[in-house]
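See structure below.
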Amino acid sequence: MNRPLDLGTAEDFRRPRQLDVLVPTRNRPAELAVTLSGLAAQEGVDGFGVVVSDQSDGEPAYAHPAAATMVRALRHRGHPVLLTRRLPRRGLAEHRAYLLDRSVARYVLCLDDDVWLEPGTLHRLVTAIGELGCGFVGNAVHGLSYADDVRPETHAHYEEWDGPVVPERIRPGSPEWDRASIHPAANLLHVTRKLDLPPGAWRAYKVSWIGGCVLYDRAALVDSGGFDFWRRVQEKHQGEDVAAQLAVLARHGGAGVLPSGAYHLESPTTVTERDVEAWEVVLADSDTPQPA
9 MNRPLDLGTA EDFRRPRQLD VLVPTRNRPA ELAVTLSGLA AQEGVDGFGV VVSDQSDGEP
69 AYAHPAAATM VRALRHRGHP VLLTRRLPRR GLAEHRAYLL DRSVARYVLC LDDDVWLEPG
129 TLHRLVTAIG ELGCGFVGNA VHGLSYADDV RPETHAHYEE WDGPVVPERI RPGSPEWDRA
189 SIHPAANLLH VTRKLDLPPG AWRAYKVSWI GGCVLYDRAA LVDSGGFDFW RRVQEKHQGE
249 DVAAQLAVLA RHGGAGVLPS GAYHLESPTT VTERDVEAWE VVLADSDTPQ PA
(Lines of atoms letter the chains of each structure in order from A and count residues from 1; the text may use other names and numbers.)
(Lines give C-alpha, C1' and ligand atoms only; values in the text may rest on other atoms or scores of the structure.)
Protein backbone atom coordinates (compact mmCIF):
# COMPACT_ATOMS: atom_id res chain seq x y z
CA MET A 1 0.00 0.00 0.00
CA ASN A 2 1.32 3.42 -1.00
CA ARG A 3 1.45 5.60 2.10
CA PRO A 4 0.36 9.27 2.09
CA LEU A 5 2.77 11.50 0.21
CA ASP A 6 4.41 14.48 1.90
CA LEU A 7 3.70 17.51 -0.30
CA GLY A 8 6.42 19.72 1.15
CA THR A 9 6.01 23.41 1.93
CA ALA A 10 6.76 26.50 -0.12
CA GLU A 11 8.70 28.03 2.79
CA ASP A 12 11.06 25.06 3.07
CA PHE A 13 11.50 24.75 -0.69
CA ARG A 14 12.08 28.38 -1.68
CA ARG A 15 15.79 28.55 -0.86
CA PRO A 16 18.88 29.52 -2.84
CA ARG A 17 20.39 26.65 -4.84
CA GLN A 18 21.96 26.20 -8.25
CA LEU A 19 18.95 24.74 -10.05
CA ASP A 20 15.24 24.11 -9.72
CA VAL A 21 13.16 22.13 -12.22
CA LEU A 22 9.64 23.49 -12.81
CA VAL A 23 7.07 20.95 -14.04
CA PRO A 24 3.45 21.91 -14.83
CA THR A 25 1.11 18.96 -15.24
CA ARG A 26 -2.52 18.07 -15.88
CA ASN A 27 -4.25 14.70 -16.24
CA ARG A 28 -0.99 12.85 -16.97
CA PRO A 29 -0.05 10.51 -14.11
CA ALA A 30 1.83 8.02 -16.31
CA GLU A 31 3.71 10.69 -18.22
CA LEU A 32 4.58 12.56 -15.04
CA ALA A 33 6.03 9.38 -13.54
CA VAL A 34 8.28 8.94 -16.59
CA THR A 35 9.35 12.59 -16.49
CA LEU A 36 10.23 12.35 -12.80
CA SER A 37 12.09 9.09 -13.38
CA GLY A 38 14.37 10.87 -15.84
CA LEU A 39 15.09 13.56 -13.26
CA ALA A 40 15.77 10.97 -10.55
CA ALA A 41 18.48 9.40 -12.73
CA GLN A 42 20.39 12.65 -13.32
CA GLU A 43 23.91 13.01 -11.92
CA GLY A 44 26.49 15.78 -11.86
CA VAL A 45 24.13 18.49 -10.58
CA ASP A 46 23.88 18.05 -6.84
CA GLY A 47 20.80 18.95 -4.84
CA PHE A 48 18.63 20.43 -7.58
CA GLY A 49 15.03 21.03 -6.56
CA VAL A 50 11.83 19.98 -8.32
CA VAL A 51 8.47 21.77 -8.23
CA VAL A 52 5.41 19.99 -9.63
CA SER A 53 2.23 22.01 -10.01
CA ASP A 54 -0.87 20.02 -10.88
CA GLN A 55 -4.05 21.21 -12.58
CA SER A 56 -5.73 17.82 -13.08
CA ASP A 57 -9.50 17.57 -13.23
CA GLY A 58 -9.52 14.90 -10.51
CA GLU A 59 -6.83 13.47 -8.26
CA PRO A 60 -3.42 15.10 -8.76
CA ALA A 61 -1.09 13.16 -11.04
CA TYR A 62 1.63 13.02 -8.40
CA ALA A 63 -0.69 10.94 -6.18
CA HIS A 64 -0.44 8.01 -8.60
CA PRO A 65 1.78 5.31 -7.02
CA ALA A 66 4.33 5.40 -9.86
CA ALA A 67 4.72 9.19 -9.74
CA ALA A 68 4.73 9.18 -5.93
CA THR A 69 7.53 6.63 -5.93
CA MET A 70 9.64 8.84 -8.20
CA VAL A 71 9.01 11.79 -5.86
CA ARG A 72 10.32 9.68 -3.02
CA ALA A 73 13.28 8.54 -5.11
CA LEU A 74 14.22 12.15 -5.84
CA ARG A 75 14.07 13.03 -2.17
CA HIS A 76 16.05 9.91 -1.29
CA ARG A 77 18.78 11.10 -3.65
CA GLY A 78 18.94 14.50 -1.97
CA HIS A 79 16.61 16.59 -4.12
CA PRO A 80 13.94 18.70 -2.44
CA VAL A 81 10.52 18.30 -4.06
CA LEU A 82 7.51 20.60 -3.69
CA LEU A 83 4.10 19.33 -4.81
CA THR A 84 1.37 21.89 -5.36
CA ARG A 85 -2.00 22.39 -7.03
CA ARG A 86 -2.87 25.55 -8.95
CA LEU A 87 -6.62 25.85 -9.41
CA PRO A 88 -8.67 27.23 -10.99
CA ARG A 89 -6.77 27.18 -14.25
CA ARG A 90 -5.93 30.57 -15.71
CA GLY A 91 -3.92 29.43 -18.71
CA LEU A 92 -0.46 28.08 -19.44
CA ALA A 93 1.40 31.36 -18.91
CA GLU A 94 -0.13 31.92 -15.48
CA HIS A 95 0.77 28.37 -14.49
CA ARG A 96 4.39 28.92 -15.51
CA ALA A 97 4.47 32.27 -13.69
CA TYR A 98 3.24 30.53 -10.55
CA LEU A 99 5.94 27.88 -10.83
CA LEU A 100 8.65 30.47 -11.41
CA ASP A 101 7.61 32.27 -8.25
CA ARG A 102 8.18 29.09 -6.23
CA SER A 103 11.92 29.29 -6.95
CA VAL A 104 14.86 31.52 -6.07
CA ALA A 105 17.46 29.24 -7.68
CA ARG A 106 20.13 30.62 -9.99
CA TYR A 107 18.84 28.52 -12.88
CA VAL A 108 15.35 27.19 -13.58
CA LEU A 109 14.54 24.41 -16.01
CA CYS A 110 11.06 24.63 -17.51
CA LEU A 111 10.34 20.98 -18.24
CA ASP A 112 7.08 19.73 -19.73
CA ASP A 113 5.35 16.76 -18.11
CA ASP A 114 5.80 14.53 -21.17
CA VAL A 115 9.59 14.65 -21.57
CA TRP A 116 12.10 12.02 -20.47
CA LEU A 117 15.69 13.20 -19.92
CA GLU A 118 18.50 10.75 -20.48
CA PRO A 119 21.24 10.65 -17.82
CA GLY A 120 23.73 13.49 -18.12
CA THR A 121 21.30 15.96 -19.69
CA LEU A 122 21.05 18.35 -16.74
CA HIS A 123 24.82 18.41 -16.28
CA ARG A 124 25.33 19.26 -19.97
CA LEU A 125 22.74 22.05 -19.90
CA VAL A 126 24.11 23.60 -16.70
CA THR A 127 27.65 23.40 -18.10
CA ALA A 128 26.52 25.04 -21.35
CA ILE A 129 24.70 27.98 -19.79
CA GLY A 130 27.63 28.57 -17.44
CA GLU A 131 30.14 28.66 -20.29
CA LEU A 132 27.95 30.61 -22.72
CA GLY A 133 26.70 33.15 -20.18
CA CYS A 134 23.43 33.71 -22.05
CA GLY A 135 19.81 33.97 -20.92
CA PHE A 136 18.76 30.41 -21.74
CA VAL A 137 19.85 27.15 -23.29
CA GLY A 138 17.59 24.30 -24.28
CA ASN A 139 17.25 20.76 -25.54
CA ALA A 140 14.68 20.34 -28.28
CA VAL A 141 12.72 17.12 -27.77
CA HIS A 142 13.15 14.10 -30.05
CA GLY A 143 10.13 12.18 -31.30
CA LEU A 144 11.60 8.70 -31.67
CA SER A 145 8.67 7.40 -33.73
CA TYR A 146 10.17 9.63 -36.47
CA ALA A 147 13.68 8.18 -36.16
CA ASP A 148 13.51 6.75 -39.70
CA ASP A 149 11.82 9.85 -41.15
CA VAL A 150 14.80 11.86 -42.39
CA ARG A 151 14.00 15.37 -43.63
CA PRO A 152 17.24 16.80 -45.07
CA GLU A 153 15.54 19.98 -46.23
CA THR A 154 15.29 21.08 -42.59
CA HIS A 155 18.96 20.52 -41.78
CA ALA A 156 20.08 23.74 -43.47
CA HIS A 157 18.47 25.68 -40.60
CA TYR A 158 21.06 24.31 -38.19
CA GLU A 159 23.69 27.01 -37.54
CA GLU A 160 26.21 26.86 -34.74
CA TRP A 161 27.28 29.83 -32.68
CA ASP A 162 30.81 30.77 -33.75
CA GLY A 163 31.87 32.96 -30.86
CA PRO A 164 29.89 34.46 -27.98
CA VAL A 165 26.11 34.13 -27.86
CA VAL A 166 24.66 37.61 -28.37
CA PRO A 167 21.14 39.05 -28.06
CA GLU A 168 18.90 38.76 -31.12
CA ARG A 169 15.59 40.39 -31.99
CA ILE A 170 13.66 37.70 -33.86
CA ARG A 171 10.26 38.12 -35.48
CA PRO A 172 7.95 36.01 -37.69
CA GLY A 173 8.81 36.21 -41.37
CA SER A 174 12.52 36.61 -40.79
CA PRO A 175 15.06 33.95 -41.80
CA GLU A 176 15.87 33.51 -38.11
CA TRP A 177 12.28 32.52 -37.38
CA ASP A 178 12.64 29.49 -39.63
CA ARG A 179 15.29 28.01 -37.34
CA ALA A 180 12.43 26.32 -35.45
CA SER A 181 11.96 23.87 -38.34
CA ILE A 182 15.01 21.94 -37.12
CA HIS A 183 13.14 20.84 -33.98
CA PRO A 184 10.02 18.84 -35.01
CA ALA A 185 9.98 15.05 -35.42
CA ALA A 186 13.55 13.68 -35.13
CA ASN A 187 15.27 16.32 -37.27
CA LEU A 188 17.77 17.34 -34.60
CA LEU A 189 18.63 13.70 -33.92
CA HIS A 190 19.58 13.28 -37.57
CA VAL A 191 21.72 16.44 -37.52
CA THR A 192 23.46 15.16 -34.40
CA ARG A 193 24.27 11.84 -36.04
CA LYS A 194 25.83 13.59 -39.03
CA LEU A 195 28.09 15.68 -36.77
CA ASP A 196 29.43 12.53 -35.06
CA LEU A 197 30.64 14.39 -31.98
CA PRO A 198 33.15 12.69 -29.67
CA PRO A 199 31.85 11.52 -26.27
CA GLY A 200 31.19 14.42 -23.90
CA ALA A 201 31.31 17.09 -26.62
CA TRP A 202 28.46 19.50 -27.21
CA ARG A 203 27.64 22.37 -29.56
CA ALA A 204 25.61 25.55 -29.16
CA TYR A 205 23.41 26.51 -32.08
CA LYS A 206 21.14 29.41 -32.99
CA VAL A 207 17.43 29.19 -32.24
CA SER A 208 14.23 31.16 -32.45
CA TRP A 209 12.58 29.14 -29.67
CA ILE A 210 12.66 25.68 -28.12
CA GLY A 211 9.77 23.67 -26.70
CA GLY A 212 9.68 21.25 -23.80
CA CYS A 213 13.04 21.60 -22.06
CA VAL A 214 14.54 25.05 -21.54
CA LEU A 215 17.04 26.08 -18.87
CA TYR A 216 16.91 29.79 -17.98
CA ASP A 217 19.17 32.02 -16.00
CA ARG A 218 16.37 32.95 -13.62
CA ALA A 219 17.54 36.56 -13.22
CA ALA A 220 17.59 37.01 -17.01
CA LEU A 221 14.11 35.52 -17.33
CA VAL A 222 12.72 37.78 -14.61
CA ASP A 223 14.52 40.81 -16.11
CA SER A 224 12.82 40.04 -19.44
CA GLY A 225 9.36 39.94 -17.83
CA GLY A 226 9.10 36.22 -17.10
CA PHE A 227 5.56 35.00 -17.74
CA ASP A 228 3.87 38.05 -16.24
CA PHE A 229 2.21 38.72 -19.59
CA TRP A 230 -0.36 36.09 -18.61
CA ARG A 231 -2.69 38.90 -17.55
CA ARG A 232 -2.76 40.20 -21.15
CA VAL A 233 -3.73 36.96 -22.87
CA GLN A 234 -6.95 35.03 -22.65
CA GLU A 235 -6.94 31.73 -20.79
CA LYS A 236 -7.20 29.48 -23.86
CA HIS A 237 -3.78 30.10 -25.36
CA GLN A 238 -0.57 28.38 -26.33
CA GLY A 239 2.89 29.70 -27.25
CA GLU A 240 3.66 31.16 -23.82
CA ASP A 241 7.12 29.58 -23.94
CA VAL A 242 7.78 31.24 -27.30
CA ALA A 243 6.80 34.65 -25.93
CA ALA A 244 9.13 34.33 -22.94
CA GLN A 245 12.05 33.10 -25.02
CA LEU A 246 11.75 35.86 -27.62
CA ALA A 247 11.97 38.40 -24.80
CA VAL A 248 15.01 36.72 -23.26
CA LEU A 249 16.67 36.38 -26.68
CA ALA A 250 16.31 40.12 -27.26
CA ARG A 251 17.95 41.07 -23.97
CA HIS A 252 20.33 38.26 -23.06
CA GLY A 253 20.59 35.84 -25.98
CA GLY A 254 19.91 32.13 -26.03
CA ALA A 255 21.05 28.89 -27.65
CA GLY A 256 20.09 25.33 -28.35
CA VAL A 257 22.43 22.63 -27.13
CA LEU A 258 23.29 19.56 -29.14
CA PRO A 259 23.21 16.64 -28.47
CA SER A 260 19.79 16.79 -26.91
CA GLY A 261 18.97 14.34 -24.16
CA ALA A 262 15.25 15.19 -24.18
CA TYR A 263 12.74 12.70 -25.57
CA HIS A 264 9.09 13.48 -26.18
CA LEU A 265 6.64 10.84 -24.93
CA GLU A 266 4.35 11.67 -27.88
CA SER A 267 1.20 11.44 -25.75
CA PRO A 268 -1.97 13.27 -26.81
CA THR A 269 -1.96 16.88 -25.70
CA THR A 270 -4.02 18.00 -22.73
CA VAL A 271 -4.15 21.54 -24.17
CA THR A 272 -7.08 21.11 -26.51
CA GLU A 273 -8.36 24.72 -26.58
CA ARG A 274 -5.78 26.97 -28.20
CA ASP A 275 -7.62 30.03 -29.40
CA VAL A 276 -4.68 32.45 -29.14
CA GLU A 277 -0.92 32.37 -29.65
CA ALA A 278 0.46 34.16 -26.60
CA TRP A 279 3.55 35.28 -28.47
CA GLU A 280 1.42 37.08 -31.08
CA VAL A 281 -0.29 39.12 -28.35
CA VAL A 282 2.98 39.92 -26.60
CA LEU A 283 4.77 40.89 -29.81
CA ALA A 284 1.86 43.09 -30.89
CA ASP A 285 2.07 44.94 -27.58
CA SER A 286 5.86 45.28 -27.59
CA ASP A 287 6.11 46.37 -31.24
CA THR A 288 3.34 49.00 -31.02
CA PRO A 289 4.89 52.50 -30.99
CA GLN A 290 4.31 54.25 -27.69
CA PRO A 291 3.06 57.88 -27.63
CA ALA A 292 5.75 60.46 -27.00
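Numbering (the numbering used here) for the sequence shown: 9 to 300.
Here a beta-carbon is modelled for each residue, glycine too, at the ideal position from N, C-alpha and C.
- Here residue 28 really is in contact with residue 116; their C-beta atoms are around 5 angstroms apart, less than 8 angstroms.
- Counting only the Cα atoms, residue 12 lies some 45 angstroms from residue 214.
- By the Cβ criterion, the segment 287-295 is in contact with the segment 248-256, since at least three pairs of Cβ atoms, one from each stretch, lie closer than 8 angstroms.
- Under the criterion of beta carbons closer than 8 angstroms, residue 266 and residue 196 qualify as touching, at roughly 7 angstroms.
- The bridge partners DSSP lists for residue 270 are 125.
- Around the beta carbon of residue 279, a 10 Å sphere encloses fewer than 16 other beta carbons of the protein chains shown; the residue is thus reported as exposed.
- The shortest C-alpha to C-alpha distance from residue 89 to any of 96, 78 and 95 is the one to 78.
- The alpha-carbon of residue 58 is positioned some 31 angstroms away from that of residue 291.
- Ranked by Cα distance from residue 131, the first of 273, 209, 261 and 293 is 209.
- Residue 246 sits in a strand when the DSSP states are folded into three classes.
- Beta-bridge pairing by DSSP links residue 118 to 30 and 222.
- Taking a 10 Å sphere around the C-beta of residue 157, we find fewer than 16 other C-beta atoms and assign the residue as exposed.
- Selection 261, 108 and 272 evaluated against residue 137 yields 261 as nearest (Cα-Cα).
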